[in-house]
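Residue numbers (full-length UniProt numbering): 1 to 792.
Heads up: the structure comes next, in structure tokens.
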């Protein structure tokens, strides 16, 4: 059968062929010959040729990705609209999106947003072209196929450029699809890299800013420190001096001692400077707490040295002021004393025997430190202070830093306190001691005049507390007041802090003492956490015992082992010590002194201040040398504000000693055979000046307690002084200072006072006898003087 030629006439074509693409592809409903189509784009070529399954698969993937993009855009838009409806109409930007934004970088590939815009634009153009081609194909198609294409297949020939036999266009189409997919994946990866890059950049900027702020802060601190270390310098004609202050503590110097007419040099210093009528110590009015309050500006409850002796329940250890091994441990000393503050700020200090200066507090030592020596003569103290002033300063460029002059000099004088304990504050012996201390101040001032330093160096004279006379008629037996078998530890003296063995006994002991206090008004009872007077500032520290017996001024509490009161009364024994302190710090007999003179106190001569507490001294001392004080309980700052001038015609009230009771207060019978408590705290008894000022709890005369004392450090050597400038004119009205007396002169003066009989020889015969017995006993047992035994 002869083959029939394919009729290419469009009108004669069959409209229903099984091979017709129109049956399964709407896009291929009509395909015209290649000559009838435009070939100006990839979409035109795709429409002008037949497509295999591979091309269709790639096309479907592109369509799906486009649909996913559309769905994602729609979902994001709906979420934003939903958030705007639910929240306020105020648009708050998401801070996390900031890190996802890519910074502007014109030299890098196009951003992801630009890529998406290009895809959308090409998609729109492609759809428009498809629509136009589809309309053209529908106009010329017959039987759903391109007649020109079928003719070429049956004739066995292929036109040039036919897509049927050419796979290049298919491969190009696949490559385009891959490029598009890679472009989208690259854009997504680039967004991730941009976010991480932005976080890293912001982190580096933050770190750099923090380093810059820290560096600026360091520079400001350095500038501030440099301002403190390099103060204004003045000259005395031979040397350059930074602001310099000498502070001297006369232990136990009661305020009214200045009214006895035996202190011309101290009175002259007050007339040229500024002073209150008196200064209040801190409670309890004993040496170590008050000297450390002077040094820190803190109440004892704040700095932790709450007594001369006390127990720390957390450390399970006892502080004992005359035992260097126990007391010179920095764990006991809180706060920051003036020598530490000064050294940390570049201000050199010299400390001569000040209580606590040997404790290595904060592991910062004074530039010059003299350890305690109870035998040192007052004249040596003056020489030592002047030696510090004679050291080289800024004017000597060759001087070693370790040997340069200090700006702050602190000296401790225990003599008045020691003899006050020994003989009492109203004895003839104490008058002599007061005179010697006054001469020491006069000799020091004379040394300043010789060096032309009275207008350069500040001088501050203080004391830590006063002194009250004791008597056997003003004693309380501890065993008569409390069941000592229930007491684990006692703190303090003459006041008593009690720590019961069983905490449950605390309330019962308190109630029992309160009941006894109603019939005996000579003592007060306080619970630390309940009714301790707020003015004492003596409750906020675990080192303070929970229960306290505070005797009235002039009274004392003793145990039977120390001083049996009944036997002493029968035998007419005298109680030692003859003078005591540690009572209510506001009592007139406990008042201290404060006198200041120098360029830091440019007030009219003889200016008067309102009385203040010794917590204020730290700030005054710091301001006088340009030191920045640490936080403390004081509020006074320089310049001081006088309330007027001391009037010579105005007599000051001199406190009277407690009355010597001739009728003994009835005692409660002691409890039957109480079990002995733990070893009570023992305070050593004061002795004569020149011996270590160590006091023991009282004992019956003739039977002195024996205790070993540490070796006294050697007396500090005094180097040669530099050339002294010419002596200025003598200050008018100031008494001529004489050299401090030697120990022999002191004893001679004491005997001369005794011969005068102002108080009566009879009253002191027994004191003289017991003193001789004690000295003889000391020689027999070979006692040695203590190393840190500051007075009580």
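C-beta: ideal position from N, C-alpha, C; glycine also.
A quick note: this is a predicted structure, and the numbers were derived from the prediction, not measured.
With a 10 Å radius around its C-beta and 16 neighbouring C-beta atoms as the bar for buried, classify residue 202 as buried or exposed.
Counting from one through the chain shown, the residue named residue 202 turns up at place 202. Residue 202 counts as exposed, since fewer than 16 other beta carbons sit within 10 angstroms of its beta carbon.
For residue 539, the nearest candidate out of 60, 592, 307 (CA to CA):
Residue 539 sits at position 539 when you count from the first residue of the chain shown. When each option's Cα is compared against that of residue 539, the closest is 307.
May I have the straight-line CA-CA distance separating residue 277 from residue 462, to the nearest angstrom?
Reading the chain shown from its first residue, position 277 is the one you call residue 277. Reading the chain shown from its first residue, position 462 is the one you call residue 462. So the alpha carbons of these two residues sit roughly 12 angstroms apart.
Please check the pair residue 339 and residue 366, which I expect to be a contact at CB under 8 angstroms, by giving their CB distance rounded to whole angstroms.
Residue numbering aside, residue 339 sits at position 339 when the chain shown is read from its first letter. Residue numbering aside, residue 366 sits at position 366 when the chain shown is read from its first letter. Approximately 5 angstroms separates the beta-carbon atoms of residue 339 and residue 366; this is inside 8 angstroms, confirming the contact.
CB contact flag (residue 430, residue 417, <8 angstroms)
Counting from 1 along the chain shown, the entry for residue 430 is found at position 430. Counting from 1 along the chain shown, the entry for residue 417 is found at position 417. In this structure, residue 417 does not lie closer than 8 angstroms to residue 430 by Cβ.
Bridge partners - residue 279, DSSP secondary structure assignment:
For the purposes of this step, residue 279 is taken as the residue at position 279 of the chain shown. Looking at the DSSP assignment, residue 279 forms a beta bridge with 592, 612.
Could you tell me whether the segment 549 to 565 touches the segment 390 to 410, where touching means 3 or more Cβ pairs closer than 8 angstroms?
No: fewer than three Cβ pairs fall under 8 angstroms.
Distance check for residue 323 and residue 508, CA to CA, integer angstroms please.
The residue given as residue 508 occupies position 508 in the chain shown. The residue given as residue 323 occupies position 323 in the chain shown. It is roughly 34 angstroms from the alpha-carbon of residue 508 to the alpha-carbon of residue 323.
With distance defined between alpha-carbon atoms, name the residue in 620, 606, 616 nearest to residue 643.
Residue 643 sits at position 643 when you count from the first residue of the chain shown. When each option's Cα is compared against that of residue 643, the closest is 606.
DSSP three-state label for residue 157, please.
Here residue 157 corresponds to residue number 157 of the chain shown, with the count starting at 1. Since pLDDT at residue 157 reaches only 48, below the 50 mark, its modelled position is unreliable, and the value read off the structure follows with that caveat. Residue state, collapsed to three classes: coil.
In chain order, what residues of the same chain have a beta carbon less than 8 angstroms from the beta carbon of residue 269, not counting five sequence neighbours either side?
As a working note, residue 269 is residue 269 in the chain shown. Cβ within range, chain order: 441, 445, 459, 461, 595, 597.
Ignoring anything shorter than 3 residues, give me the beta strand (DSSP E) runs that lie fully in the segment 276 to 328, in order along the chain.
Complete beta strand (DSSP E) runs here, min 3: 309 to 312, 317 to 320.
Would you check if the distance between the CB atom of residue 383 and the CB atom of residue 369 is smaller than 8 angstroms?
As a working note, residue 383 is residue 383 in the chain shown. As a working note, residue 369 is residue 369 in the chain shown. Their beta carbons are not under 8 angstroms apart, which means residue 383 does not touch residue 369 by this criterion.
Where residue 76 falls, given that 16 or more other Cβ within 10 Å makes a residue buried
Walking along the chain shown from the start, residue 76 turns up at place 76. Residue environment: residue 76 is assigned as exposed (fewer than 16 neighbouring CB atoms within 10 Å of its CB, all protein chains considered).
Can you find the residues in the same chain that come closer than 8 angstroms, C-beta to C-beta, to residue 703, ignoring five residues on each side of it along the sequence?
Position 703 of the chain shown, counted from the first residue, corresponds to residue 703. Confidence at residue 703 is low in this model, with a pLDDT of 37, below 50, so the placement of that residue is unreliable and no value is reported for it.
Considering only DSSP beta bridges, list what residue 339 is partnered with.
Position 339 of the chain shown, counted from the first residue, corresponds to residue 339. According to the DSSP secondary-structure assignment, residue 339 is paired through a beta bridge with no residue.
Could you pull the start and end residues of the alpha helix (DSSP H) that residue 267 belongs to?
On the chain shown, position 267 is the one that residue 267 refers to. Residue 267 -> alpha helix (DSSP H) spans 264 to 272.
Based on DSSP bridge pairs, tell me the residues matched to residue 526.
For the purposes of this step, residue 526 is identified with residue 526 of the chain shown, where counting begins at 1. According to DSSP, residue 526 bridges with 548.
Grab the span of the alpha helix (DSSP H) containing residue 432 for me, first residue to last.
Translated into the one-based positions of the chain shown, residue 432 becomes position 432. Secondary structure note for residue 432: its alpha helix (DSSP H) is the uninterrupted segment 428 to 450.
Are residue 234 and residue 456 close, meaning C-beta to C-beta below 8 angstroms?
Translated into the one-based positions of the chain shown, residue 234 becomes position 234. Translated into the one-based positions of the chain shown, residue 456 becomes position 456. Cβ distance < 8 angstroms, so residue 234 and residue 456 count as in contact.
For residue 120, which three-state DSSP category applies?
In the chain shown, counting from the first residue as 1, residue 120 sits at position 120. Residue 120: helix per DSSP, three-state reduction.
Can you tell which of 298, 295, 294, 331 has its C-alpha closest to the C-alpha of residue 312?
Position 312 of the chain shown, counted from the start, is the residue given in the question as residue 312. Here the closest residue by C-alpha is 331.
Using the three-state DSSP reduction, which class does residue 622 fall into: helix, strand or coil?
Indexing the chain shown from 1 puts residue 622 at position 622. Taken through DSSP and simplified to helix, strand or coil, residue 622 comes out as helix.
Using a threshold of 8 angstroms, state whether the C-beta atoms of residue 286 and residue 554 are closer than that.
As a working mapping, residue 286 is identified with position 286 in the chain shown. As a working mapping, residue 554 is identified with position 554 in the chain shown. Result no, Cβ atoms of residue 286 and residue 554 do not sit closer than 8 angstroms.
State yes or no: is the C-beta of residue 618 within less than 8 angstroms of the C-beta of residue 296?
Looking up residue 618 in the chain shown gives position 618. Looking up residue 296 in the chain shown gives position 296. Result yes, Cβ atoms of residue 618 and residue 296 sit closer than 8 angstroms.
So the candidates are 505, 490, 410; which of them puts its Cα closest to the Cα of residue 559?
Against the chain shown, residue 559 aligns to sequence position 559. The candidate whose alpha carbon is nearest that of residue 559 is 490.
Host alpha helix (DSSP H) of residue 412 (start-end):
Start at 1 with the first residue of the chain shown, and residue 412 comes out as number 412. Per DSSP, residue 412 lies in no alpha helix (DSSP H); the unbroken beta strand (DSSP E) holding it starts and ends at 408 to 413.
Residue nearest to residue 377 in terms of C-alpha spacing, selected from 414, 492, 499:
Translated into positions along the chain shown, residue 377 becomes position 377. Answer by Cα proximity: 414.
Any idea if residue 438 is buried or exposed, counting beta-carbon neighbours within 10 angstroms, 16 or more meaning buried?
For this step, residue 438 is matched to residue 438 along the chain shown. Residue burial annotation: residue 438 is buried, with at least 16 other C-beta atoms found within 10 angstroms of its C-beta.
Short of 7 angstroms in beta carbon distance, which residues of its chain neighbour residue 336, apart from the five on each side in sequence? Order them along the chain.
Counted from its first residue, the chain shown places residue 336 at position 336. Counting only Cβ-Cβ distances below 7 angstroms, and skipping sequence neighbours, we find 296, 362, 630.
Residue of 427, 550, 475 minimising C-alpha distance to residue 568:
Taking the first residue of the chain shown as position 1, residue 568 is located at position 568. Comparing Cα-Cα distances from residue 568 to each of 427, 550, 475, the minimum goes to 475.
Give the DSSP-derived three-state secondary structure of residue 260 in the structure shown.
The count along the chain shown starts at 1 and reaches residue 260 at position 260. Here DSSP, grouped into helix, strand and coil, assigns residue 260 to coil.
Which whole-angstrom value is the C-beta distance of residue 552 and residue 522, which I expect to be below 8 angstroms?
For the purposes of this step, residue 552 is taken as residue 552 along the chain shown, with counting starting at 1. For the purposes of this step, residue 522 is taken as residue 522 along the chain shown, with counting starting at 1. So it is a contact: roughly 5 angstroms between Cβ atoms.
Local conformation of residue 84 per DSSP, three classes
Here residue 84 is taken as the residue at index 84 of the chain shown, counted from 1. Three-state result, residue 84: helix.
According to DSSP, what are the bridge partners of residue 368?
Working through the chain shown from its first residue, we reach residue 368 at position 368. DSSP, once it has assigned bridges, lists 350 as partnering residue 368.
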